C-alpha cells in the first residue's frame, strides 16, 4: 500500500515486523489487522519496525502453541531383576486440532534413551570421598547436550550406553509414531533402595529436542531387584538341552530373558522351600522362660514369617513382642563418625500378653515393597527378628490373688508386680521375589508422559 506524504516515515518503508515483505501499519491505524502469518526467525533491518509480542500475536491471530506428546510405557511393569531386559515403547504424537493444516506439521530433531542409577547419601551419616565432577558440570550446563541425570540429586554411579531412537522426525497433525527401546539391566549393580542413610534410584531417561529448542527429558522410574547367583548363569549353548516350548516362536533375546527369569524362579524356590525345625531356648538371668520354634530362616519378600512359643519354663512370661526389622549399616571407612549407631526400620510388629499362656504364635508379613538384603562397598542391609520379653520376678502363683467370697472363688490380677525385661535378635535372610508379583504393589507407574 502507498501513503500520500512527501517523505514517508521510517515505519512505512520498513518491512512487516514478522518479515513477510509488506509494510507494517503502526498501532495508531486500526484499519489494518494484525498479520496472521506465522512469525519467522528474527532478521536484520535498517529501519525501526514495530514488534508484537508472541503472546499478543497468538491472542490476535487465534494461534495455539504447537505441542508434541511423548508417552513411554514399560512393557511388563515397573519392577525388574538385575540382568533382565527392559523394554519400553515410546510414542510421539502430534495432537489433531480443529485449526490444523498441512503447515501444522511438527519436527523433532532427535530423541535418545538411556538407563542410569542415581546414588544419594546423607551428609550427616556418610562421608564420601570428594569426586572431580568439573567435566560433568560443564556438560550439564549445556542445554544441547543429552545428560540423563541433569538436575538429579547425588551421583550417577551406573549408566548404559545411550541409544538414538530417531533423527529428523516429522509428524503431521494427528500422526503418531512409536519406537521400541530394549536394554539389558546391568547384573552387577545395586538394588533399588531408599534407606535412612543412602538411596539407589533407577530411571530410564528419554531426551528429545525440537529444532531451535532446549532438550526436554522424560524420566521413567523403575525398581530393580538383585538375586545373587544369576551373575554366574551362562546360557546353554546346546539348544537340545535348553528348556523350550516348541509351540512358541521367540526371538533370541526374549529366549535368554525368559531363561533368566525361569532360573531366578528355580533358585528362589530352592532357597526358600527348605524347611527344618529350629528350636531356641528363651532364658533370662533367673532361669528358663520357654522355647521358640521356627521352620525356616530364608524368605522371599511377600512371604509371612511364622513362629511359635512354648512357655513351659520356670519363669512366667507376662508379655512378648516380635518386630520384623531391617538393619542399615554404613561400612566403617565411609562412616561420618566412628562407631556411629546402626539405623533400624520396623516393617511389622506383633505384641501379646501371655500370662498363664502355654503356647502362642505370630505371623509377620514381609512387605512386597521392601528391599531384600544386600551389601555394597558403602552400605549393607540385613534382616532380623527382634524379640522383647517381659517376665515376672515372682512365681506364676503369686500373680493371682484369691478373693474373700465364702461361696465362690474369684481370682484377680495383682496391682503391682516386679518385672524383668530382656531382648533377643534372630537374623533371617530375605531374598527377592518374582518381579511381576512385585509390580502389583509398586509405587511407580508403567506409563509416563510429557508434552514438549
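Numbering (our numbering), first residue to last: -18 to 433. Cβ coordinates follow ideal geometry from the N, Cα and C atoms, glycine included. None of the values given here were measured: they were computed from a predicted structure.
Do residue j and residue i count as a contact pair if the criterion is CB distance below 8 Å?
i, j, result
"residue 111", "residue 353", "no"
"residue 365", "residue 308", "yes"
"residue 423", "residue 54", "no"
"residue 271", "residue 263", "yes"
"residue 371", "residue 306", "no"
"residue 67", "residue 61", "yes"
"residue 59", "residue 355", "no"
"residue 205", "residue 63", "yes"
"residue 274", "residue 298", "no"
"residue 90", "residue 149", "yes"
"residue 367", "residue 304", "yes"
"residue 412", "residue 253", "yes"
"residue 75", "residue 188", "no"
"residue 176", "residue 323", "no"
"residue 161", "residue 106", "no"
"residue 88", "residue 191", "yes"
"residue 241", "residue 133", "no"
"residue 416", "residue 363", "no"
"residue 433", "residue 51", "yes"
"residue 420", "residue 369", "no"
"residue 251", "residue 208", "no"
"residue 86", "residue 151", "yes"
"residue 210", "residue 248", "yes"
"residue 258", "residue 276", "yes"
"residue 321", "residue 186", "no"
Any heavy atom of the ligand PLP inside 7 Å of the beta-carbon of residue i?
i, result
"residue 369", "For the structure depicted, the ligand PLP is absent and the ligand set is empty, with no information on it obtainable."
Helix, strand or coil: which one does DSSP assign to residue i?
i, result
"residue 48", "coil"
"residue 63", "coil"
"residue 253", "helix"
"residue 265", "strand"
"residue 365", "strand"
"residue 432", "strand"
"residue 420", "helix"
"residue 3", "Model confidence at residue 3 stands at a pLDDT of 44, short of 50, so the residue's coordinates are unreliable and nothing is read from them."
"residue 350", "coil"
"residue 246", "helix"
"residue 77", "coil"
"residue 140", "strand"
"residue 241", "helix"
"residue 93", "strand"
"residue 304", "strand"
"residue 426", "coil"
"residue 103", "coil"
"residue 324", "strand"
"residue 286", "strand"
"residue 12", "With a pLDDT of 39 at residue 12, under the threshold of 50, the modelled position of that residue is not reliable, and the figure given next carries that caveat. Residue 12: coil per DSSP, three-state reduction."
"residue 355", "strand"
"residue 335", "coil"
"residue 345", "strand"
"residue 28", "At residue 28, the pLDDT of 38 sits below 50, so the modelled position is not reliable; the number obtained from the coordinates is stated separately. Coil, per DSSP."
In terms of DSSP beta bridges, what is residue i paired with?
i, result
"residue 372", "298 and 401"
"residue 311", "360"
"residue 291", "272 and 340"
"residue 259", "275"
"residue 108", "Per DSSP, none; premise fails for residue 108."
"residue 330", "304"
"residue 71", "53 and 160"
"residue 87", "152"
"residue 408", "365"
Practice item. Starting from the N-terminal side, write out each stretch of the beta strand (DSSP E) that is 3 residues or longer and does not extend beyond the stretch 142 to 218. Key: Counting whole runs of 3 or more residues, the stretch 142 to 218 contains the beta strand (DSSP E) stretches 144 to 152, 157 to 165, 179 to 191 and 196 to 206.
Point to revise | Validate contact between the stretch 284 to 291 and the stretch 344 to 353 using beta carbons, cut 8 Å, 3 pairs | key: yes
Check your understanding: How do the stretch 94 to 108 and the stretch 175 to 189 stand: do at least 3 beta-carbon pairs fall below 8 Å, yes or no?
Key -> yes
Point to revise | Segment contact flag, the stretch 321 to 332 with the stretch 390 to 399, C-beta cutoff 8 Å, min 3 pairs | key: no
Practice item. Kindly confirm or deny that the stretch 138 to 145 and the stretch 197 to 210 touch, where touching means at least three C-beta pairs closer than 8 Å. Key: no
Check your understanding: Taking contact to mean at least 3 C-beta pairs separated by less than 8 Å, is the stretch 314 to 328 in contact with the stretch 290 to 299?
Key -> no
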